[in-house]
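Single-structure report; data block below.
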Amino acid sequence: MLIFVAGFFVIALLTTPFLERDTNFMVIRIFLATLVFAMSSDVVGAYQKHRTAAREIKDIRTRLSMADRNGYPLPDVLLAMADYNAAVESAPESVPWSYKFYGASLDERWKQYQEDRAEARRQRGAS
């Protein structure tokens, strides 16, 4: 949202000398309508909720790593699964097409995570 607002101001400042009075008012009205949309759809609030959910899930991954070291005790795993579900449910819906843009990176990170976990298990088994 901040990038959009900054871009709007840059464009507005660069085009101001070439605009007529009526065009200035129209640009201001469009900008205000966009701000109303951003506030009414709670863009910033959704971003904060996504960040909070991501932090909670990161903590859960750490807990699951600890459970892995302890042989996956059933109560620890069930509690982690319940907390994961609560974290995912607390986040707003995904932004449309976000996986399309970040899918390859996310898949690579997941593959790396699985390889790291497998390596940790091998090292633990060898010692």
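Just so we're aligned: 159 in our numbering is position 120 of the sequence shown, and the numbers increase by one with no gaps anywhere. All C-beta atoms, glycine included, are put in the ideal place defined by N, C-alpha and C.
{"Check": "When you compare the region 85–104 with the region 125–133, are there three or more beta-carbon pairs, one atom per stretch, that lie closer than 8 Å?", "Outcome": "yes"}
{"Check": "Pull up the distance between the alpha-carbon of S137 and that of D81, whole angstroms please.", "Outcome": "18 Å"}
{"Check": "Using the rule of at least 16 other Cβ atoms within 10 Å of the residue's Cβ for burial, across every protein chain shown, is A165 buried or exposed?", "Outcome": "exposed"}
{"Check": "Leaving out the 5 sequence neighbours to the left and right, which residues in its chain are closer than 8 Å to D115 when beta-carbon positions are compared?", "Outcome": "R102, M105, A106 and N109"}
{"Check": "Taking its Cβ as the centre, do 16 or more other Cβ atoms sit within 10 Å of A93, making it buried, or is it exposed?", "Outcome": "exposed"}
{"Check": "Sort A51, A85, S144 and F57 by Cα distance to P131 and report the nearest one.", "Outcome": "A85"}
{"Check": "Please classify A45: is it buried, with 16 or more other beta-carbons within 10 angstroms of its beta-carbon, or exposed?", "Outcome": "exposed"}
{"Check": "Just the Cα atoms here: how many angstroms apart are V49 and T62?", "Outcome": "16 Å"}
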